[in-house]
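Numbering (the working numbering), first residue to last: 1189 to 1313.
C-beta atoms are modelled at their ideal positions from N, C-alpha and C, and glycine is treated no differently.
Printed below as a string of structure tokens:
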């Protein structure tokens, strides 16, 4: 078993798309504002939903989150300095963490969600 999809929540899907597609480079394959934006992320799918709408769903179970949610994307550790430059150039904050088996980089998307870029080695993957 592996993760097929995961999601975060954002009210402003235009800004979310600019970050996830424009800055992180995830291809957006479905953009349906004001409800959602869907992105390809490796072998999985990354979903951004507007919680103001999905909390009121009737066809699917209602879902949503307020405040910061965390997601991590796998990258090679050697790529992290370039990601830092790219994020800072786009105006996003960057924080570093050192783990027993490697480093990871954190930033926040426009909605305040915590986004981590990390090598799989930190989890023995």
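Quick check on residue i: does DSSP put it in helix, strand or coil?
i            : result
residue 1304 : strand
residue 1262 : strand
residue 1291 : strand
residue 1193 : strand
residue 1210 : helix
residue 1243 : coil
residue 1199 : coil
Closest to residue i by C-alpha separation, out of the options, would be which residue?
i            : options                : result
residue 1263 : 1227, 1195, 1213       : 1213
residue 1278 : 1218, 1296, 1292       : 1296
residue 1195 : 1243, 1308, 1252       : 1252
residue 1288 : 1268, 1304, 1282, 1312 : 1312
residue 1308 : 1283, 1267, 1302       : 1267
Exposed or buried, residue i, counting other C-beta atoms within 10 Å across all chains shown (16 or more means buried)?
i            : result
residue 1242 : buried
residue 1220 : exposed
residue 1285 : exposed
Assuming residue i contacts residue j (C-beta within less than 8 Å), just tell me the rounded distance between them.
i            : j            : result
residue 1217 : residue 1203 : So it is not a contact: roughly 18 Å between Cβ atoms.
- Message: I want to know whether the segment 1274–1286 touches the segment 1228–1240 - three or more CB-CB distances under 8 Å.
- Response: no
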